[in-house]
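In our numbering, the protein residues as written are 404 to 613.
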């Protein structure tokens, strides 16, 4: 084998080796990002979100609703839940709530589940500009929230009903902000609470157009 042939073979070997190294590096990077993404999904923190609706007209006086959405729950049973949501009561009138589709357990029901009954003081909410929602299972667990009752997606805890007040004007943006959010477990350490970053909250807003 002459010198030129040996050089050609040597170059080919180098190309193969370099290509193999590049390919292995690419695979390693892919695996790192894939595993990180998988771990992120596995450890995702449950979240409650106030829907941001389509732009509203300042002259619109019809009632409208915003969904209070839930992304997930932990492995515990949660016999109590509460949410405190601030809003501008000089611009918005809180009308009450309508039921969503997230169920609670009910061993006595033929289906095993029922809708929760939330408590809220509408008049007080408008007086102070804060909606305090609460659900409490007095049995401590027979009628509780659990992840087994959730759908894969589209979980709506309830609908918040509002109407624009006469003071609403074009260009305004009204924030709906969580002050507190909790899904309480029997063991306080297992509770999901926004105060300890075990429950994420995503605020909503109402944008006023022409």
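Every residue gets a Cβ at the ideal spot worked out from N, C-alpha and C, and that includes glycine.
Residue i versus the options, residue with shortest Cα-Cα distance
i, options, result
"residue 574", "595, 611, 544", "611"
"residue 475", "563, 562, 447, 458", "447"
"residue 539", "572, 600, 521", "521"
"residue 601", "609, 608, 592, 507", "592"
"residue 507", "548, 607, 459", "548"
"residue 525", "536, 471, 597", "536"
"residue 541", "467, 519, 594", "519"
"residue 603", "457, 471, 458", "471"
"residue 528", "550, 554, 467, 563", "563"
DSSP state of residue i mapped onto helix, strand, coil
i, result
"residue 432", "For residue 432, the predicted model reports a pLDDT of 43, less than 50, meaning its position is unreliable and no value from the coordinates is stated."
"residue 450", "strand"
"residue 598", "helix"
"residue 583", "strand"
"residue 603", "strand"
"residue 572", "coil"
"residue 459", "strand"
"residue 547", "coil"
"residue 485", "strand"
"residue 593", "helix"
"residue 443", "Unreliable positioning characterises residue 443 in this predicted model, as indicated by a pLDDT of 37, which lies under 50. The coordinate reading is nonetheless provided below. Residue 443: helix per DSSP, three-state reduction."
Beta-carbon spacing of residue i, residue j below 8 Å
i, j, result
"residue 450", "residue 505", "no"
"residue 473", "residue 454", "no"
"residue 523", "residue 500", "yes"
"residue 571", "residue 461", "yes"
"residue 503", "residue 561", "yes"
"residue 608", "residue 559", "no"
"residue 556", "residue 452", "no"
"residue 545", "residue 510", "yes"
Residue range of the beta strand (DSSP E) that includes residue i
i, result
"residue 496", "495-502"
"residue 566", "559-567"
"residue 492", "No beta strand (DSSP E) contains residue 492, which DSSP labels as neither H nor E."
"residue 471", "467-473"
Residue range of the alpha helix (DSSP H) that includes residue i
i, result
"residue 529", "525-531"
### Query
Taking three-plus beta-carbon pairs below 8 Å as touching, is the region 578-598 in contact with the region 485-498?
As far as the Cβ criterion goes, the region 578-598 touches the region 485-498, which means the pair count is three or higher.
### Message
With three or more beta-carbon pairs closer than 8 Å as the criterion, would you say the region 586-594 touches the region 470-480?
### Response
Between the region 586-594 and the region 470-480 there are three or more C-beta pairs closer than 8 Å, enough to call the two in contact.
### Query
Is the region 493-507 in contact with the region 557-573, if contact means three or more CB pairs nearer than 8 Å?
The region 493-507 is in contact with the region 557-573.
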